[in-house]
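>
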Amino acid sequence: MRSEKLNSKKQKEVINTARYSRQIILSEIGILGQEKLQKASVLVIGAGGLGCPVLQNLAAAGVGFIGIVDGDVVEETNLHRQLLYTLKDCGKSKAITAAEAIMELNPEVKVRVFNEFFSIENAFEIVGDYQIIVDCTDTIGIRYLINDVSIVKKIPVVYASIYKFEGQVSVFNYKNGPSYRCLFPQTESLSSVPNCVASGVLGVLPNTLGSFQAMEVLKIVLEIGTVLSAKLLLYDGLHYQMQLVNFNRNPAAIEKGIANGLAIQRQNSAKMAENVTAATFLEKCKQEDCLIIDIREGYEEPKWEASNVVNIPISSLESYCSQLDKNQEILLFCQSGQRSQLALAYLKKEGFTKLSHLENGIQFVSMTNSNSH
Amino acid sequence: MECSSAKHKYSRRVSKNSIMILNIKYFGVLAELTKKKEEQLVLEEPNMTVNSFKSKMESAYQEMQSVSYTIAVNQAIAGVDTTLNDQDVIAFLPPYAGG
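Going line by line, the protein sequences match chains A and B. The first sequence begins at -12 in the numbering used here and counts up by one. The second sequence begins at 2 in the numbering used here and counts up by one.
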């Protein structure tokens, strides 16, 4: 039995090497290159027409850590171009379905799912410490958001976008290179830029452009070839025309991106600090200099006992307000986190400076607390 | 950069005749608005900047005013103050949203 197990383990290692053998054999890649891929972490924003081929190619190549961001569900109209999905997936989350599909393709890849749309509210939290971002979104505003966040975080962005039979590819913020705003500094009338829903698209096109993006990701990770930085690749599938346009860093555009990115980062971190988890809440209950206010009505259960907890029902908060120190650290809680969020917004408006609230309410805390005992 | 000086000499020679030929390429929605992928324009205004050319084009094709786009001259994104020369290839590039 034991030797069988050992054999099967050895066998598995052989198969793993076999999986990548055709790329390891390339002198530019080799075992070292494959190890770089295995350690790489890539965030793919959008699991649609561009995202599907990007995810397939990155997983197949053995990129070790892949994040998938998409809050959408699979629809039948996606199937002509989004080849990770089948008819039975319609109605299901794209991010989850795509994750399952690529893990089936390559179980060695670690996938993190963000089943939500990339937005100002979650941008910095999602981007975290990923090494490369792949912009596979379909909204111009989100492309600017990705750009501004990635300038602040100094993360390169592999960009592609499509229109009917045409596409654009470039790499932004790569080794201090130009950004999306350097290419398209104007933001006026951007809502009028049509996406695939409005203008239509031939299914093959995003698959071609997504493959170009995957190629750029692999080149960046492997540190080989010429990365498409400071160059915009223009592709016209209908007439088979391809050309490169050069562009430079535009300091004013970079500044604008940084300023916007930093403002979003401040909002994100303020929001993250304002929303307290159950674990932090329990810590704060032991912290005498933090005032914890139970804003529920007197009859609500379960009661929460701690020396720094006071009960001020939300209905009385306004009259109690003047008795509280505006620079005191205050943590608010209620049953589910909804009323405490409202109370936080009210106190913030009144000039209180160190506010937070228990994001999922006391019900969840008492549950986890009693479980832990 | 090396070619630009050669081009400059050439354009100076042509500008004596006060004629400038520009090769224009339209991408994405701009090809639809203008109903052409490319065209050649003969201008009798030498030393025109990208900005003044843009205004000229937007009065010829008024729908272009409502579209955001970037302009490339000879395969490089050009600032609004860039001076155009005879035989320049000018590309009108709108951002695409689709993904």
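Don't be surprised by glycine CBs; every beta carbon is placed ideally from N, CA and C.
Nearest to Tyr117 (chain A) by CA position, among A:Glu108, A:Gly128, A:Val98, is which residue?
That would be A:Val98, whose Cα lies nearest to the Cα of Tyr117 (chain A).
> What whole-angstrom Cβ distance do Pro165 (chain A) and Phe234 (chain A) have, given they're in contact under 8 Å?
Going by Cβ atoms, the distance from Pro165 (chain A) to Phe234 (chain A) rounds to 6 Å, so yes, they are a contact pair.
> The beta strand (DSSP E) that contains Met229 (chain A), what's its start and end?
That run of the beta strand (DSSP E) goes 228 to 233.
> At the 8 Å Cβ level, is Glu175 (chain A) part of the contact set with chain B, yes or no?
For Glu175 (chain A), the predicted model reports a pLDDT of 47, less than 50, meaning its position is unreliable; a value from the coordinates is still stated below. Glu175 (chain A) counts as touching chain B.
> How would you list, in chain order, the residues of chain A whose beta-carbon sits under 8 Å from the beta-carbon of Val81 (chain B)?
By Cβ distance, chain A contributes nothing, its closest Cβ being about 10 Å from Val81 (chain B), past 8 Å.
> In whole angstroms, what separates the C-alpha of Asn366 (chain A) from that of Glu108 (chain A)?
No information on residue 366 (chain A) is available, as it lies outside the stretch -12 to 360 that chain A covers here.
> Assuming contact is defined by CB atoms lying nearer than 8 Å, are Asn134 (chain A) and Arg168 (chain A) in contact in what I supplied?
Cβ atoms of Asn134 (chain A) and Arg168 (chain A): closer than 8 Å.
> Listed from N- to C-terminal order along the chain, which residues in the segment 194 to 212 of chain A have their beta-carbon within a distance smaller than 8 Å of any beta-carbon of chain B?
Residues passing the 8 Å Cβ filter: none.
> Have a look at A:Lys23, A:Tyr131, A:Gln254, A:Ala48 and flag the residue whose alpha-carbon is nearest the alpha-carbon of Arg9 (chain A).
Taking only the C-alpha atoms, the option nearest Arg9 (chain A) is A:Ala48.
> Quick check on Met21 (chain B): buried or exposed, where buried means 16 or more other Cβ atoms within 10 Å of its Cβ?
By the 10 Å Cβ count, Met21 (chain B) comes out buried.
> Which same chain residues end up closer than 7 Å to Gly58 (chain A) when comparing Cβ atoms and leaving out the 5 residues on each side of it in sequence?
Closer than 7 Å at Cβ, skipping near neighbours: Asn102, Glu103, Phe104.
> Can you tell me whether DSSP reads Met49 (chain B) as helix, strand or coil?
Three-state DSSP puts Met49 (chain B) in coil, outside helix and strand.
> Would you call Glu112 (chain A) buried or exposed, if buried means 16 or more other Cβ atoms sit within 10 Å of its Cβ?
Label assigned to Glu112 (chain A): exposed.
> Check the DSSP bridge columns for Cys277 (chain A) and list the partner residues they point to.
Paired residues: A:Glu316.
> For the alpha helix (DSSP H) that contains Ala110 (chain A), what are its first and last residues?
Run containing Ala110 (chain A): 110 to 114, per the alpha helix (DSSP H) assignment.
> What residue ranges within the segment 50 to 96 of chain A form continuous alpha helix (DSSP H) runs of no fewer than 4 residues, ordered along the chain?
For the segment 50 to 96 of chain A, whole alpha helix (DSSP H) runs of length 4 or above, ordered along the chain, are 81 to 92.
> Under 9 Å between beta-carbons, which chain B residues line up against Phe171 (chain A)? List them in chain order, please.
Result: Ser69, Tyr70, Thr71, Leu94, Pro95, Pro96.
> Interface residues of chain B around Glu153 (chain A) at Cβ under 9 Å?
Within chain B, the residues near Glu153 (chain A) are Phe28, Gly29, Ala32, Tyr97.
> If you reduce the DSSP assignment to three classes, tell me which class Gln21 (chain A) lands in.
The answer is helix: DSSP assigns Gln21 (chain A) an H, G or I state.
> Mind reading off the beta-carbon distance from Leu34 (chain B) to Val68 (chain B)? Whole number of angstroms is fine, and I expect it under 8 Å.
Contact flag correct, Cβ pair sits at about 7 Å.
> For the segment 28 to 48 of chain A, list every residue whose C-beta sits within 8 Å of some C-beta in chain B, in sequence order.
Under the 8 Å Cβ criterion, the segment 28 to 48 of chain A contributes Gly33, Gly35, Gly36, Leu37, Gly38.
> So Ile349 (chain A) and Gln322 (chain A) are in contact, right, with Cβ under 8 Å, and what is the actual spacing, rounded?
Correct: roughly 6 Å between the Cβ atoms.
> Just the C-alpha distance for Gln173 (chain A) and Tyr70 (chain B), rounded to the nearest angstrom, thanks.
Their backbone Cα atoms lie some 8 Å apart in a straight line.
> As a quick exercise: from A:Val232, A:Leu189, A:Ala217, pick the residue whose alpha carbon is nearest that of Val144 (chain A).
The residue with the shortest Cα to Cα distance from Val144 (chain A) is A:Ala217.
> In whole angstroms, what is the alpha-carbon distance linking Ala415 (chain A) and Gly51 (chain A)?
For chain A, the structure presents residues -12 to 360; residue 415 (chain A) sits outside this window and is missing.
> Along the chain, where does the beta strand (DSSP E) containing Lys336 (chain A) start, and where does it finish?
Unbroken run through Lys336 (chain A) is the alpha helix (DSSP H), 325 to 336; no beta strand (DSSP E).
> For the alpha helix (DSSP H) containing Tyr62 (chain B), list its first residue and its last residue.
No alpha helix (DSSP H) holds Tyr62 (chain B); DSSP gives it neither H nor E.
> So Glu33 (chain B) is in the alpha helix (DSSP H); what residue range does that whole segment cover?
Per DSSP, Glu33 (chain B) belongs to the alpha helix (DSSP H) from 30 to 35.
> Val214 (chain A) CB to nearest chain B CB: under 8 Å?
Judged by the 8 Å Cβ criterion, Val214 (chain A) is not in contact with chain B.
> Tell me Tyr117 (chain A)'s beta-bridge partners as DSSP assigns them.
DSSP, once it has assigned bridges, lists no residue as partnering Tyr117 (chain A).
> If we define contact as Cβ-Cβ less than 8 Å, is Ala61 (chain B) a contact residue for chain A?
Answer no: the Cβ-Cβ gap between Ala61 (chain B) and chain A never drops below 8 Å.
> For Ser306 (chain A), which of A:Gln43, A:Ile120, A:Glu337 has the nearest alpha-carbon?
Closest by alpha carbon: A:Glu337.
> Which whole-angstrom value describes the C-beta separation of Leu85 (chain B) and Met58 (chain B), a residue pair presumed to lie in contact below a C-beta threshold of 8 Å?
No, Leu85 (chain B) and Met58 (chain B) are not in contact; Cβ-Cβ is about 12 Å, not under 8 Å.
> Thinking Gly224 (chain A) and Val188 (chain A) are a contact (beta carbons under 8 Å), I'd like their distance in whole angstroms, please.
About 10 Å separates the two Cβ atoms, so there is no contact after all.
> Evaluate Pro94 (chain A) with the Cβ neighbour count: other Cβ atoms within 10 Å of its Cβ, from every protein chain shown; 16 or more gives buried, anything less gives exposed.
With fewer than 16 other Cβ atoms within 10 Å, it is exposed.
> For a cutoff of 8 Å on Cβ pairs, would you count Asp135 (chain A) as touching chain D?
Among the protein chains of the structure shown, namely A and B, there is no chain D.
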